[in-house]
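For any residue, its number in my numbering is found by taking its place in the sequence shown, counting from 1, and adding 478.
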Amino acid sequence: MFVLIQGSRSLWRLISSPSTITRLASSECNESSSMKMPKRPLSAFFSFMKEQRSTLQHQTPDLKITEISKQLASSWHALSDNEKLPYLKRAHQDFATFKEQKQRFLSSLSTEEKSALQSFSNAKMMKNLSRQRKAELTALGVPKRFRNAYIFFFSENFETAQGVLPQNKTLHLASEWKRLTSMERQKYQKLAEKDFTRYQQERSAWEEQMLAKGHQAILKTPRDKKTTRSFTQTGKTSRKTISTAQEKGKSSVNEQMATGKLSKEE
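Okay, here's the thing in structure tokens:
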């Protein structure tokens with residue numbers, strides 16, 4: 479999906495026009511050239527994962543994919559700098575080649591097409607970086623994040639909610655949630671507070687484990703720091719925080735259910 483630059487209708491028409499979509503999505507530069515948009519190369523970490531995965535799967539065929547990823551991530555972080563060097567060099571060389579190929583591709587585009595492609599590339603890059611970090615954290619066994627009160631309510635009532643389509647059920651539950659009294663919401667708020675305590679304990683133990691293994695770089699992000707400050711200053715989950723999380727949770731659940739990415743058990 480191409481990105482709409484706010485306030486630029488002409489650019490949006492260019493991006494969404496069949497000719498541009500065909501040109502960029504199929505990676506064809508022009509009628510006289512067979513050059514294609516180069517694919518961004520793997521990082522050193524993911525190159526190592528790709529190289530070692532088949533070997534580990536062959537050695538341990540009964541091991542789940544998630545467990546394989548965890549083992550490979552631990553193996554990567556356990557490597558010395560010298561052992562990582564071949565992967566880092568290869569990643570550096572691949573990226574240099576990628577930059578050259580990308581430059582040749584861009585030189586074949588018009589100014590408008592370059593702007594459209596840049597907007598699309600920026601959004602895609604941020605999404606890929608987020609996906610890569612999430613994959614690395616999952617591989618290292620990061621604890622599952624806490625659920626808010628609304629998500630507990632949603633999970634409990636999804637099966638019996640009115641509507642056949644997930645989208646209709648989601649809208650119905652959002653409406654039902656708004657009708658609940660403070661007393662009726664207490665049940666779900668207590669579950670949310672208990673789950674947050676669970677998350678704090680598991681996260682603390684996991685961070686200690688990461689520090690002991692020398693994985694300091696993976697620990698803190700701006701979001702992590704903000705979450706830690708907002709919840710650990712008082713030592714417990716505040717009602718205000720739970721309320722804020724409920725509103726954010728509703729939006730997240732609505733989006734995920736609409737795309738089929740959230741199951742009722744979550």
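Think of the CB as a built atom: it goes at the ideal place given N, C-alpha and C, for glycine as much as any other residue.
Taking contact to mean at least 3 C-beta pairs separated by less than 8 Å, is the stretch 678-692 in contact with the stretch 609-623? By the criterion of at least three beta-carbon pairs nearer than 8 Å, the stretch 678-692 is in contact with the stretch 609-623.
**Report entry** Contact under 8 Å by Cβ, residue 557 with residue 530
**Finding:** Taking the first residue of the sequence shown as 1, we reach residue 557 at position 79. Taking the first residue of the sequence shown as 1, we reach residue 530 at position 52. Against a cut-off of 8 Å, the Cβ pair of residue 530 and residue 557 comes out as no contact.
Checklist line | Alpha-carbon spacing of residue 572 relative to residue 534, whole angstroms | finding: In the sequence shown, counting from the first residue as 1, residue 572 sits at position 94. In the sequence shown, counting from the first residue as 1, residue 534 sits at position 56. Approximately 25 Å, taken between the alpha carbons.
- Query: DSSP on residue 520, reduced to helix/strand/coil?
  - Reply: By one-based count along the sequence shown, residue 520 stands at place 42. DSSP places residue 520 in coil when its eight states are reduced to three.
Roughly how many angstroms separate the alpha carbons of residue 576 and residue 516, rounded to a whole number?
Here residue 576 corresponds to residue number 98 of the sequence shown, with the count starting at 1. Here residue 516 corresponds to residue number 38 of the sequence shown, with the count starting at 1. In this structure, the straight-line span from the alpha carbon of residue 576 to that of residue 516 is close to 6 Å.
> Where does residue 537 land, buried or exposed, given buried means 16+ other C-beta within 10 angstroms?
Replying inline: The residue given as residue 537 occupies position 59 in the sequence shown. Exposed: under 16 other Cβ atoms inside 10 Å.
message: Could you compute how far the alpha carbon of residue 514 sits from the alpha carbon of residue 546?
response: Position 36 of the sequence shown holds residue 514. Position 68 of the sequence shown holds residue 546. Near 34 Å, if we compare the C-alpha coordinates of residue 546 and residue 514.
ask   = Do you know whose CA, among 609, 602, 674, 584, lies nearest residue 625's CA?
value = As a working mapping, residue 625 is identified with position 147 in the sequence shown. It is 674 whose Cα lies nearest to the Cα of residue 625.
> On the premise that residue 667 lies in contact with residue 613, defined as a C-beta separation below 8 Å, what is that separation, rounded to the nearest angstrom?
Replying inline: Counting from one through the sequence shown, the residue named residue 613 turns up at place 135. Counting from one through the sequence shown, the residue named residue 667 turns up at place 189. About 32 Å separates the two Cβ atoms, so there is no contact after all.
Worksheet item: Looking only at its own chain, which residues have a Cβ that is under 6 Å from the Cβ of residue 562, when we skip the five neighbours before and after it?
Response: The count along the sequence shown starts at 1 and reaches residue 562 at position 84. Result list for residue 562: empty, nothing under 6 Å.
Query raised in the report: With a Cβ-Cβ cutoff of 8 Å, do residue 520 and residue 569 count as a contact?
Result: Here residue 520 is taken as the residue at index 42 of the sequence shown, counted from 1. Here residue 569 is taken as the residue at index 91 of the sequence shown, counted from 1. By the CB criterion at 8 Å, residue 520 and residue 569 fall inside the cutoff.
Straight-line Cα distance separating residue 651 from residue 639: Residue 639 sits at position 161 when you count from the first residue of the sequence shown. Residue 651 sits at position 173 when you count from the first residue of the sequence shown. One C-alpha to the other measures close to 7 Å.
Take the Cβ of residue 659 as the centre, count every other Cβ of all protein chains shown within 10 Å, and call the residue buried at 16 or more, exposed below.
Locating residue 659 in the sequence shown gives position 181, counting from the first residue. Classification of residue 659: exposed, given that the 10 Å Cβ count is below 16.
Hey, how far is the Cα of residue 685 from the Cα of residue 697? As a working note, residue 685 is residue 207 in the sequence shown. As a working note, residue 697 is residue 219 in the sequence shown. Across the structure, residue 685 and residue 697 are spaced so that their CA atoms are roughly 7 Å apart.
* To do: Go ahead and pull the three-state DSSP assignment for residue 558.
  => Counting from one through the sequence shown, the residue named residue 558 turns up at place 80. Residue state, collapsed to three classes: coil.
| Just to confirm, are residue 631 and residue 655 a CB contact at a threshold of 8 Å? | One-based indexing of the sequence shown puts residue 631 at position 153. One-based indexing of the sequence shown puts residue 655 at position 177. Contact: yes.
| query | To the nearest angstrom, how far is it from the Cα of residue 594 to the Cα of residue 670? | reply | As a first step, residue 594 must be located in the sequence shown, where it is residue number 116. As a first step, residue 670 must be located in the sequence shown, where it is residue number 192. Roughly 43 Å separates the two Cα atoms.
Within the continuous alpha helix (DSSP H) that includes residue 663, where are the two ends?
Counting from 1 along the sequence shown, the entry for residue 663 is found at position 185. Start and end: 660-690.
Under DSSP, the alpha helix (DSSP H) around residue 633 begins and ends at which residues? Counted from its first residue, the sequence shown places residue 633 at position 155. 627-635 is the span of the alpha helix (DSSP H), which, as asked, contains residue 633.
| request: In the DSSP assignment, find the unbroken alpha helix (DSSP H) run with residue 757 in it and report its ends. | output: Because the chain in this structure spans residues 479 to 744, residue 757 falls outside the shown range and cannot be described.
**CB contact flag (residue 555, residue 672, <8 Å)** = On the sequence shown, position 77 is the one that residue 555 refers to. On the sequence shown, position 194 is the one that residue 672 refers to. No, they are not a contact pair.
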